[in-house]
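Have a look at the structure below before the remarks.
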Amino acid sequence: MHEPTVGVAIAVRNGERWLAACLDSVLAQTLPPTEIVVVDDGSDDATPTIAARYAPLVRLRRIPPSGIGAARNLSFGLVEAELIVSVDADDLLTPSSIEVRVAALRSNPELDLVFGHERRFSEVRAGQPVPLGEPRPAPIPGAMLLRRNSFARVGPFTDGRVTDGLDWLLRSREAGLVEHTVSEHVTWRRVHGANNSLAQREALGEFPRALKASLDRRRGLPTAAPEDELAVQASEPGRWDGGGPRRVPPAASAAPAGLEGSR
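If you read the sequence shown in the working numbering, its first letter stands for residue 4, the second for the next number, and so on.
In structure tokens:
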């Protein structure tokens with residue numbers, strides 16, 4: 004059976020506190036990636052120096068400050084592998100994170116995207132994250148494994164300050180991509196004051212605009228839901244279900260509460 008190649012894409016800005024731990028978790032995978040790409044979005048701290056220490060296992064590309072969407076797009080574009088694993092630079096992968104998601108993709112050729120469950124943490128003790136709450140489904144870019152050609156079908160991330168991930172996931176559903184959420188815990192999600200949606204509260208108005216743009220694109224489709232239902236889904240992370248492969252109806256939307264970036 005063909006073994007697909009897997010590349011990890013990491014976009015980061017001023018992540019000197021977290022990047023080494025993130026890269027260590029990627030390098031500790033039970034199914035190692037064939038390549039790791041880090042795009043530094045104009046950091047003014049030691050982020051590029053830290054990433055450079057991991058060469059040649061990690062390829063570093065530095066760009067002027069361009070925004071998380073542009074940095075994600077470049078990181079995805081630089082990955083040459085068939086499958087792309089998106090990782091936020093302040094998060095950690097569990098050891099079997101890549102393996103369990105690749106297995107799901109291999110078992111169902113119709114799948115385009117595979118997500119997993121996340122657990123949140125804010126501190127590490129004795130080398131292990133201290134969990135905050137129970138695992139929950141994480142349909143977010145930072146917990147996403149996808150086929151390269153599926154990303155091309157949807158197109159690039161936008162340049163929204165906090166909604167690049169929500170906008171892309173909405174468009175992926177509009178395009179009919181088939182997604183699946185494995186039951187395994189695949190990502191440790193770090194909670195800290197520099198999380199993108201926490202640090203840029205003034206930009207949170209982008210969320211309703213992203214939802215409205217999606218509704219406008221779908222207007223006239225019989226499966227479109229009322230705007231108030233979309234708003235409810237977007238504001239209640241608990242309404243996201245895990246489970247089997249599905250082509251999600253266009254009415255489904257991503258949860259803003261899960262879209263803090265690695266910035």
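Heads up, the beta-carbon is just placed ideally off N, CA and C, and yes, glycines get one too.
Problem - Proximity to V15 [Cα-Cα], best of E6, A54 and A31 - result: When only C-alpha atoms are compared, the closest one is A54.
Problem - Residue interval of the alpha helix (DSSP H) (run including R75) - result: Taken as a continuous stretch (DSSP letters only), the alpha helix (DSSP H) holding R75 covers I71 to L81.
Handout entry: Contacting residues, own chain, Cβ-Cβ under 7 Å from R104 (five flanking each side not counted)
Key = Around R104: V117, G119, L148, V185 and V189.
Practice task
Would you list the residues sitting across from I53 in a DSSP beta bridge?
Solution key: Paired residues: none, contrary to the question.
Problem - L135 - DSSP class collapsed to helix/strand/coil - result: For L135, the secondary structure class from DSSP, reduced to helix, strand or coil, is strand.
Handout entry: Sub-7 Å separation of I66 and A12 beta-carbons
Key = Result no, Cβ atoms of I66 and A12 do not sit closer than 7 Å.
Exercise for the section: Over the uninterrupted alpha helix (DSSP H) stretch that includes E177, give me the two end residues. Expected result: That run of the alpha helix (DSSP H) goes D167 to E177.
Handout entry: Closest by C-alpha distance to P98, when choosing among G18, L26 and T50
Key = Nearest in C-alpha terms to P98, of all of G18, L26 and T50, is L26.
Exercise for the section: Write down the C-beta distance between V29 and L77 rounded to the nearest angstrom, noting that I regard them as a contact closer than 8 Å. Expected result: Not really, about 18 Å apart at Cβ, beyond 8 Å.
Exercise for the section: Tell me whether H183 is buried or exposed, calling it buried when 16 or more other Cβ atoms sit within 10 Å of its Cβ. Expected result: It is buried - the Cβ of H183 has at least 16 other Cβ atoms within 10 Å.
Exercise for the section: Taking I101 as part of the alpha helix (DSSP H), name the residues at either end of that continuous run. Expected result: S100 to S110 is the extent of the alpha helix (DSSP H) around I101.
Exercise for the section: Can you check DSSP and say which residues form a bridge with S89? Expected result: Paired residues: A12 and M147.
Handout entry: V181 beta carbon less than 7 Å from that of L114
Key = Yes. Within cutoff.
Practice task
Look up D43 in the DSSP assignment and say whether it is helix, strand or coil.
Solution key: Reduced to three states, the DSSP call for D43 is strand.
Exercise for the section: With a 10 Å radius around its C-beta and 16 neighbouring C-beta atoms as the bar for buried, classify P112 as buried or exposed. Expected result: That one is exposed.
Practice task
Out of T8, S89, G179 and D91, point me to the one whose CA is closest to E83's CA.
Solution key: Comparing Cα positions, the closest option is T8.
Problem - CA-to-CA distance, D94 to I71, given in whole angstroms - result: Their backbone Cα atoms lie some 15 Å apart in a straight line.
Practice task
Could you have a look at A155 and say whether DSSP puts it in helix, strand or coil?
Solution key: Looking at A155 - three-state DSSP - the assignment turns out to be helix.
Exercise for the section: Decide if D47 is buried, meaning its Cβ has at least 16 other Cβ atoms within 10 Å, or exposed. Expected result: Classification for D47: exposed.
Problem - Residue from R139, R122 and P140 with nearest C-alpha to P132 - result: The option with the nearest alpha carbon to P132 is R122.
Problem - Burial state of V127, where buried means 16 or more other Cβ atoms lie within 10 Å - result: For V127, the number of other beta carbons within 10 angstroms of its own is below 16, and it is reported as exposed.
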